[in-house]
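> Under full-length UniProt numbering, think of the first position of the sequence shown as 1, with each following residue one higher.
For every residue, glycine included, the Cβ atom is placed at its ideal position computed from N, Cα and C.
Predicted, not measured: the structure shown is a model, and the values here were computed from it.
Handing you this structure, nothing more for now.
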Amino acid sequence: IVFIHGLQGHPKKTWLYGEAEPPREHRFSLRIRPGYKQQSSTGARSPCFWPEDLLGRDFKNCRISTYGYDSRICNFFGGAANQANIFDHGRSLLHALEHHRREEASQRPIIFVVHSLGGLVLKDVLRRSRQAEPNELELKDIYDSTCGIIFMGTPHGGSDYANLGLTARKIAIAAGFDVRDEIIRNLKVESGTLGLLAEEFSKMLKEDKFQVFTFMEGKGYNELPPTFVKIVQDTSAALNDANERKDTISANHMNMCRFSGFSDDGYQKIKGVISRFTESRKFHILDTISGILTNIGQLSREDIISAMRGLDSAESRVRITQVEPAYDNTLRWLFTKQELGFDEWLRDEKPLYWIKGKPASGKSTLMRFAHDSPKTSEALATFKGKKARAAFFFHDRGSYIQKSLEGLLRGVLYQILAEIPSLQHTVFSKLDFQSSGTGKAIEWTRSNLNKALEEIVRQENQSIQIWLFLDALDEYSGKPEQIATFLDKVVSLWIHDHTAGDISKVINTEFKANARMAQYMSSSVASDIELVRKLSEEIASRAEGVFLWVRLTLDNLLAEYSAGESIAQLFDRLRDLPGDLEGFYQRILSRIPSHYQDDMVVMCELVRCADSPLFINDFIAAFRCASIDDLSSGDLRSYLTNPKFDIDEAERLIRSRSGGLIETRKIGAPGKPEDTITGGRHGLTWEFGSPRHLIQVQFIKP
Numbered sequence: 001i002v003f004i005h006g007l008q009g010h011p012k013k014t015w016l017y018g019e020a021e022p023p024r025e026h027r028f029s030l031r032i033r034p035g036y037k038q039q040s041s042t043g044a045r046s047p048c049f050w051p052e053d054l055l056g057r058d059f060k061n062c063r064i065s066t067y068g069y070d071s072r073i074c075n076f077f078g079g080a081a082n083q084a085n086i087f088d089h090g091r092s093l094l095h096a097l098e099h100h101r102r103e104e105a106s107q108r109p110i111i112f113v114v115h116s117l118g119g120l121v122l123k124d125v126l127r128r129s130r131q132a133e134p135n136e137l138e139l140k141d142i143y144d145s146t147c148g149i150i151f152m153g154t155p156h157g158g159s160d161y162a163n164l165g166l167t168a169r170k171i172a173i174a175a176g177f178d179v180r181d182e183i184i185r186n187l188k189v190e191s192g193t194l195g196l197l198a199e200e201f202s203k204m205l206k207e208d209k210f211q212v213f214t215f216m217e218g219k220g221y222n223e224l225p226p227t228f229v230k231i232v233q234d235t236s237a238a239l240n241d242a243n244e245r246k247d248t249i250s251a252n253h254m255n256m257c258r259f260s261g262f263s264d265d266g267y268q269k270i271k272g273v274i275s276r277f278t279e280s281r282k283f284h285i286l287d288t289i290s291g292i293l294t295n296i297g298q299l300s301r302e303d304i305i306s307a308m309r310g311l312d313s314a315e316s317r318v319r320i321t322q323v324e325p326a327y328d329n330t331l332r333w334l335f336t337k338q339e340l341g342f343d344e345w346l347r348d349e350k351p352l353y354w355i356k357g358k359p360a361s362g363k364s365t366l367m368r369f370a371h372d373s374p375k376t377s378e379a380l381a382t383f384k385g386k387k388a389r390a391a392f393f394f395h396d397r398g399s400y401i402q403k404s405l406e407g408l409l410r411g412v413l414y415q416i417l418a419e420i421p422s423l424q425h426t427v428f429s430k431l432d433f434q435s436s437g438t439g440k441a442i443e444w445t446r447s448n449l450n451k452a453l454e455e456i457v458r459q460e461n462q463s464i465q466i467w468l469f470l471d472a473l474d475e476y477s478g479k480p481e482q483i484a485t486f487l488d489k490v491v492s493l494w495i496h497d498h499t500a501g502d503i504s505k506v507i508n509t510e511f512k513a514n515a516r517m518a519q520y521m522s523s524s525v526a527s528d529i530e531l532v533r534k535l536s537e538e539i540a541s542r543a544e545g546v547f548l549w550v551r552l553t554l555d556n557l558l559a560e561y562s563a564g565e566s567i568a569q570l571f572d573r574l575r576d577l578p579g580d581l582e583g584f585y586q587r588i589l590s591r592i593p594s595h596y597q598d599d600m601v602v603m604c605e606l607v608r609c610a611d612s613p614l615f616i617n618d619f620i621a622a623f624r625c626a627s628i629d630d631l632s633s634g635d636l637r638s639y640l641t642n643p644k645f646d647i648d649e650a651e652r653l654i655r656s657r658s659g660g661l662i663e664t665r666k667i668g669a670p671g672k673p674e675d676t677i678t679g680g681r682h683g684l685t686w687e688f689g690s691p692r693h694l695i696q697v698q699f700i701k702p
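Laid out in structure tokens, this is it:
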């Protein structure tokens, strides 16, 4: 496990919680001995160097190292023309890491934990390693051995590389630089450097050699104007790739990588991710194990890798990444309430656990939480033998793979076989390989998918345990009885019966995120605090366990409060709001200006009739064509040859015409990782696109 700090960082202080001031460390001079605890000499709060004091104890079989380099801002972006010096750091780290592993760790799997701009250095390391010459196998070993990366507040930048210079200035100011310093004012980043790193890293992600988890900062930094601004915005911190998992750590950019102890929520999240990395190294780990599966029976290692690649589909995993993650310190009752029986289910032989509840009550978020939680990993670790955890989230407005039985089987089979590689030969040897131009391959028909799953269940050579997390079964596009065969003797919980406490936490978090409300809540006047408490209680009481209603209500109330309304007026505003989602949607539609009504109906029809999510340029093209009366006229030809497409303008158009009921988002779709597509707010928006509701929409028209 290798830690890499960022701009103005330090190989120890970056990861140190507390007040101790360690001496300057360089390169790999710090080699962590698991279980060793350095004593504080300050007498103040006990410092915690968590890679050593926490991780070293929880992962005793791992070598843990931190890498230090000269990250002073004047050198990180050096040169007369302010050329980025990231390449120099990447080259040095690659050679240092190879030397560090040469004697006793060559070909061992690597997990990287990187903070801030250290993530850009790592991208260059992997780029160089991947492109190493045939006579530099020792350098290529770094890329081949990488099985997981944890990005913490890394500004990937998206398509707007110019913003990275601003991000770097924020980091420098947070590190103590005077905002008036000439170095800060002149700091720029060469976009060509970042473009190259982004392009090469995108290629690596498509090869699926390693897993990626992104942590975003949950709080702003209090010394940046305006107060409490995030140094790295969420849109920049996320890769938006289908294989990426994301979560938030409730701390600012500088403190998100410092943890106080084993119970620290941030550490528990990091520990859970590393546990998953160490449990599942996917099939590429075969390349690092000499002699295994070189030629078993008639299947070569290349045959098995080809079969796995043919089975894999990034589309089958994208939906879980789109589900909103849980707020900090919420949903823990899933493991603590014994009457729910979830923790017991994880540890026993009962076949099914069913979560049900009202629409938009947070079932998908709970499912993602249950799947990703470190508590789940702890429970599964009690089983002896080999184990696999697989998830599939149906999506009725997604592609065929995302809403079909074939998609379910592909996603589940790939995850099981990736986590238990020893099953691969057992399964593939029972299937028919077809010759192709590049070798042999399996045609993954439904018959072969079913047969593969049957082989896993029937085999008796290995003791295995498999946990499946299946979400949104009602969004399956086929016959219900095909999915019903998966269900038997169901243990269940009604989610909305247990979310009252979580909804209160969500309300409190959103209140504190609003600058004016946060100032009001910090008042020393008891009556002011009591008034906010009563408002929070009334919102939670009216929610009846439906998180989406809370979200819509808070958006409405906080917008009015920021515009100048008083807390007392918010009570009146709350009483005027509809008490259910359908009423809320009707209210949103009724507020769309009358001259936009025709456009709104057209957009709803386009979303309703689409077989799969639409790329935004296709959506806007269809919308524009809908207003052309004569499709044989020159108007259509003129538009199609010169569409004048602007993504920001398109997003504003969709938002204004739909009242926010149709949203745009970026996903890592194959071949178009940065394209924005249209989708809806959970399933209810799609229900609002049904014929029954479209008739109601037309009644609103003048």
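Starting from residue 209, trace the alpha helix (DSSP H) in both directions and tell me its first and last residue.
From DSSP, residue 209 is part of no alpha helix (DSSP H); its letter is neither H nor E.
> Does the distance from the C-beta atom of residue 517 to that of residue 552 stay below 9 Å?
no
> Output the residue ranges of the alpha helix (DSSP H) runs that lie fully inside the region 96-121 and measure 4 residues or longer, sorted by chain position.
none
> Which residue marks the beginning of the beta strand (DSSP E) containing residue 377, and which one marks its end?
First-last for residue 377: 374-380, but that is the alpha helix (DSSP H), not the beta strand (DSSP E).
> Given residue 467, which residues of its chain have a CB within under 6 Å of its CB, disregarding the five upstream and five downstream residues?
389
> How would you label residue 354, buried or exposed, when you count the other beta carbons within 10 angstroms and need 16 or more for buried?
exposed
> From the DSSP output, read off the bridge partner residues of residue 468.
390
> Measure the alpha-carbon distance for residue 377 versus residue 404 and round it to whole angstroms.
If I take the Cα positions, the gap works out to 28 Å.
> Which whole-angstrom value describes the C-beta separation of residue 327 and residue 509, a residue pair presumed to lie in contact below a C-beta threshold of 8 Å?
6 Å
> Secondary structure at residue 247, three-state DSSP: helix, strand or coil?
Three-state result, residue 247: strand.
> Using DSSP with H/G/I as helix, E/B as strand and the rest coil, what is residue 49?
If DSSP states are grouped into helix, strand and coil, residue 49 belongs with the strands.
> Consult DSSP for residue 150 and reduce its assignment to one of helix, strand or coil.
strand
> When the Cα atoms are used, what is the spatial distance from residue 253 to residue 217?
6 Å
> Quick test of your reading: residue 243 and residue 317, contact by CB under 8 Å. State the CB separation rounded to the nearest angstrom.
7 Å
> Out of 597, 56, 323 and 110, point me to the one whose CA is closest to residue 2's CA.
110
> Between the beta-carbon of residue 313 and the beta-carbon of residue 396, is there less than 9 Å?
no
> Among 339, 323, 387 and 632, which has the Cα closest to the Cα of residue 368?
Comparing alpha carbon positions, the residue from 339, 323, 387 and 632 closest to residue 368 is 323.
> Less than 8 Å between the CB atoms is what I'm expecting for residue 464 and residue 427, so what's the real figure, rounded?
Under the criterion of beta carbons closer than 8 Å, residue 464 and residue 427 do not qualify as touching, at roughly 12 Å.
> Spatial neighbours of residue 461 within its chain, please: CB distance less than 7 Å, with the 5 preceding and 5 following residues excluded, ordered by chain position.
426
> Return the first residue and the last residue of the beta strand (DSSP E) that residue 352 is part of.
Residues 352-356.
> Within 8 Å: the Cβ of residue 258 and any heavy atom of the ligand NAD?
Among the components of this structure there are no ligands whatsoever, and the ligand NAD is therefore not found.
> Using a Cβ-Cβ cut-off of 8 Å (strictly less than) and excluding sequence neighbours within five positions of residue 238, which residues of its own chain qualify?
156, 214, 216, 244 and 246
> With DSSP as the reference, please indicate the residues paired to residue 16 in a beta bridge.
In the DSSP output, where bridge partners are listed per residue, residue 16 has 49.
> To the nearest angstrom, how far is the alpha carbon of residue 348 from that of residue 100?
43 Å
> Taking 9 Å as the threshold (C-beta atoms), are residue 330 and residue 501 in contact?
Contact: yes.
> Quick one: grab the DSSP three-state call for residue 614.
strand
> When you compare only the Cα positions, how much space is there between residue 450 and residue 58?
39 Å
> Sort 564, 272, 571 and 513 by Cα distance to residue 532 and report the nearest one.
571
> Taking a contact to mean a Cβ-Cβ separation below 9 Å, would you say residue 410 touches residue 340 in this structure?
no
> Are the CB atoms of residue 268 and residue 374 nearer to each other than 9 Å?
yes
> Leaving out five residues on either side along the sequence, give the residues of the same chain with a beta carbon under 7 Å from the beta carbon of residue 94.
125, 128, 129, 139 and 142
> Starting from the Cα of residue 543, find the closest Cα among 563, 584 and 566 and give me that residue.
584
> Alpha carbon to alpha carbon, how far is residue 14 from residue 68?
10 Å
> Starting from the Cα of residue 393, find the closest Cα among 118, 9, 4 and 412 and give me that residue.
412
> What span of residues does the beta strand (DSSP E) with residue 2 cover, start to end?
Residue range 2-4 is occupied by the beta strand (DSSP E) that includes residue 2.
> Between which residues of its own chain and residue 528 is the CB-CB distance below 7 Å, once the five residues before and five after are set aside?
520
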